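Protein chains in written order, with the numbering used here: chain E, 155 to 291; chain A, 82 to 456. Cβ coordinates follow ideal geometry from the N, Cα and C atoms, glycine included. The structure presented is a predicted model; accordingly, all values stated were derived computationally and were not measured. Contents: one structure, followed by commentary.
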């Protein structure tokens, strides 16, 4: 059903080699244009423009390839479990463990040795989410 | 020869050539754009949709993989659930006919019950040793994977129709709605992760508040998957109800409230419904607002039942809503939403004090999916 990692790697290799070839050709053209200018004093605008555009495009493509893929939502969020003592209200927070649920009985309170329970389970919103929610108006 | 002289000596000739080329290019561009502008635009839009469609496909496949691997790990590899899951992902729900709306709620309820039962039975067949909470969580997880599959197929359908007909308007509509579709798909992907781990989700704020109020009291199952606890609140008797947790489940709050009211002969002073509500962009997640009416989402069966019975006994209805973004409702509960619990409880107490007398009875219903929340 899904594209295998082998296919993705092959596509990447193909793209990188294309970019390298494009960059090499552009550099050669640019050098040739410089050489012509130094030797004959003639400015080949077309070669200059094309080679600089191609180099810019190659750099852009490399930068695009380096950017991290956008989040799909399957990333495991950082989830915390708050445990509270039924008697003294002492609270501890730890990372969520499989099998945790709210109102589940937990260990004895380290302070008063009374039973504790899971008071809350939550995740902290990531920076991207918070950034999207900042409004001036 | 310096650069200055180079430019001045060759300028007239080169200027003419460059100007001519530019003019021809502009003319060609103008003519091309006049005749093929829309076609070029369609191609660009199709390319953009194609990118999103590829992401949707990746998400659909990942969802399916997670569903299969989770079930395999719970069943300890006793059987291969791939075929059954693939069949479930393609399952179609056919809503009741609405040409004659008379009795549609009854028919809708029946179909929903049959569908829920079928899903749970299928999960039980795949993981016979799983407990009730696990079966509920896995059912929810498969439903999230199913939603990812349905979204992908719908987008692909319109993409292919647009491509086949080259219809600018079909493609335009799809492109316009795509950012929202992507947001919803991401929310379903997050839901799948939360259901897999059994973590409370944003929609569980209602059951969470009910669980806080019920804690320490004896509760009983009034109808299938819905529990009620009798607690004392501000000198009044409060019947607090929520879906039965900690498995992923929304219960039958409509039927539970109807039965409670019938049992008490309508001797209830107020019904307070707590639920998560979609926030407007710009509102903060976890913001609490009050309203009048039955705050129950979904297909409408429960909402209808509460409205019917409340009207029959002339019972006032209050709603307390916790605002959440589209991505927060089905993903693991955010801290901002969890932090609203105390404010909601304060508001419940204030409403009870201001609108009822001491010794009266009220119903407090926490609506939503109770995954990761017991009672």
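Quick check on DSSP: helix, strand or coil for residue i?
i: residue 88/A; result: At residue 88/A the pLDDT is 47, less than 50, meaning the model places this residue with poor confidence and gives no usable figure here.
i: residue 449/A; result: coil
i: residue 188/E; result: helix
i: residue 170/E; result: helix
i: residue 237/E; result: strand
i: residue 157/E; result: Bear in mind that the predicted position of residue 157/E carries a pLDDT of just 47, short of 50, making it too unreliable to give a figure here.
i: residue 222/E; result: coil
i: residue 391/A; result: helix
i: residue 442/A; result: strand
i: residue 455/A; result: coil
i: residue 304/A; result: strand
i: residue 200/E; result: helix
i: residue 296/A; result: coil
i: residue 82/A; result: Summary for residue 82/A: the model assigns pLDDT 45, below 50, so the residue's position carries little reliability; its value from the coordinates is reported in the next sentence. DSSP places residue 82/A in coil when its eight states are reduced to three.
i: residue 247/E; result: strand
i: residue 257/E; result: coil
i: residue 313/A; result: strand
i: residue 174/A; result: coil
Residues of chain A with a CB under 9 Å from the CB of residue i: which are they?
i: residue 231/E; result: 271, 274, 275, 280, 412, 413
i: residue 192/E; result: Chain A residues near residue 192/E: none, gap ~10 Å exceeds 9 Å.
i: residue 278/E; result: 415, 416
i: residue 250/E; result: 278, 280, 413
List, in order along the chain, the chain A residues whose C-beta lies closer than 8 Å to that of residue i?
i: residue 187/E; result: Simply none; closest approach about 13 Å.
i: residue 209/E; result: Ordered by position in chain A, no residue passes the 8 Å Cβ test against residue 209/E, which lies about 21 Å from the chain.
i: residue 268/E; result: Going along chain A, no residue has its Cβ under 8 Å from residue 268/E, so there is no contact; the nearest lies around 14 Å.
Between the options, which lies nearest to residue i when the distance is taken from Cα to Cα?
i: residue 237/A; options: 277/A, 129/A, 114/A, 320/A; result: 129/A
i: residue 401/A; options: 392/A, 425/A, 387/A; result: 425/A
i: residue 141/A; options: 234/A, 248/A, 118/A; result: 234/A
i: residue 181/E; options: 192/E, 191/E, 232/E, 207/E; result: 207/E
i: residue 304/A; options: 117/A, 416/A, 383/A, 261/A; result: 383/A
i: residue 231/E; options: 285/E, 262/E, 178/E, 276/E; result: 276/E
i: residue 197/A; options: 306/A, 344/A, 362/A, 359/A; result: 306/A
i: residue 395/A; options: 413/A, 343/A, 412/A, 416/A; result: 343/A
i: residue 122/A; options: 251/A, 299/A, 181/A, 144/A; result: 251/A
i: residue 414/A; options: 280/A, 181/A, 127/A; result: 280/A
i: residue 250/E; options: 185/E, 235/E, 200/E; result: 235/E
i: residue 341/A; options: 296/A, 119/A, 387/A, 194/A; result: 387/A
i: residue 231/A; options: 310/A, 137/A, 150/A, 274/A; result: 137/A
i: residue 125/A; options: 410/A, 330/A, 240/A; result: 240/A
i: residue 201/E; options: 186/E, 194/E, 193/E; result: 186/E
i: residue 52/A; options: 432/A, 115/A, 375/A, 407/A; result: There is no way to answer for residue 52/A, as the model of chain A reaches only from 82 to 456.
I want to check one thing, is the minimum distance from the CB of residue i to the heavy atoms of the ligand SAM below 7 Å?
i: residue 369/A; result: Because no ligand of any kind appears in the structure shown, any question about the ligand SAM cannot be addressed here.
Which chain E residues are close to residue i, counting only those with a beta carbon under 9 Å from its beta carbon?
i: residue 140/A; result: 226, 227, 228
i: residue 404/A; result: The premise fails here: residue 404/A is roughly 12 Å from chain E at the closest Cβ pair, so nothing lies under 9 Å.
i: residue 456/A; result: 257
i: residue 326/A; result: 255, 256, 257
Which bits of chain A does residue i rub up against, with CB to CB less than 7 Å?
i: residue 274/E; result: 419
Note down, in chain order, every chain E residue with its Cβ under 7 Å from the Cβ of residue i.
i: residue 289/A; result: 256
i: residue 292/A; result: 256, 257
i: residue 453/A; result: 255, 256, 275
Could you name the residues of chain E that residue i contacts, counting a contact when the two beta carbons are closer than 8 Å?
i: residue 311/A; result: Within 8 Å Cβ-Cβ: nothing; residue 311/A doesn't reach chain E, min ~17 Å.
i: residue 267/A; result: 225, 226, 227
i: residue 209/A; result: Result: empty, since nearest Cβ-Cβ is about 20 Å, beyond 8 Å.
i: residue 168/A; result: Correct list: empty, because the minimum Cβ distance to chain E is about 15 Å.
Exercise. Pairing CB atoms from the segment 268-286 of chain A with CB atoms from the segment 213-229 of chain E, are three or more of them under 8 Å?
Worked result: yes
Exercise. Would you say the segment 225-232 of chain A touches the segment 169-189 of chain A, given that touching needs at least three Cβ pairs under 8 Å?
Worked result: As far as the Cβ criterion goes, the segment 225-232 of chain A touches the segment 169-189 of chain A, which means the pair count is three or higher.
Exercise. Which residue spans inside the segment 187-261 of chain A form an unbroken alpha helix (DSSP H) run of at least 4?
Worked result: 213-246
Exercise. At which residue ranges does the segment 358-418 of chain A contain complete beta strand (DSSP E) runs of 3 or more residues, listed in the order of the chain?
Worked result: 369-373, 398-405
Problem set entry | Those runs of the beta strand (DSSP E) which lie wholly inside the segment 96-171 of chain A and span at least 3 residues | none
Exercise. How about the segment 357-369 of chain A and the segment 311-329 of chain A: do they share at least three Cβ pairs that are nearer than 8 Å?
Worked result: no
For this session: Kindly confirm or deny that the segment 342-358 of chain A and the segment 420-440 of chain A touch, where touching means at least three C-beta pairs closer than 8 Å.
Result: yes
Exercise. Within the chosen definition, does the segment 213-220 of chain A reach the segment 101-116 of chain A through at least 3 CB pairs nearer than 8 Å?
Worked result: no
Exercise. Does the segment 376-392 of chain A come close enough to the segment 179-190 of chain A that 3 or more CB-CB pairs lie under 8 Å?
Worked result: Output reads yes: the segment 376-392 of chain A touches the segment 179-190 of chain A.
Exercise. Is the number of C-beta pairs between the segment 247-264 of chain A and the segment 286-300 of chain A that are closer than 8 Å three or more?
Worked result: Too few Cβ pairs lie closer than 8 Å, so no.
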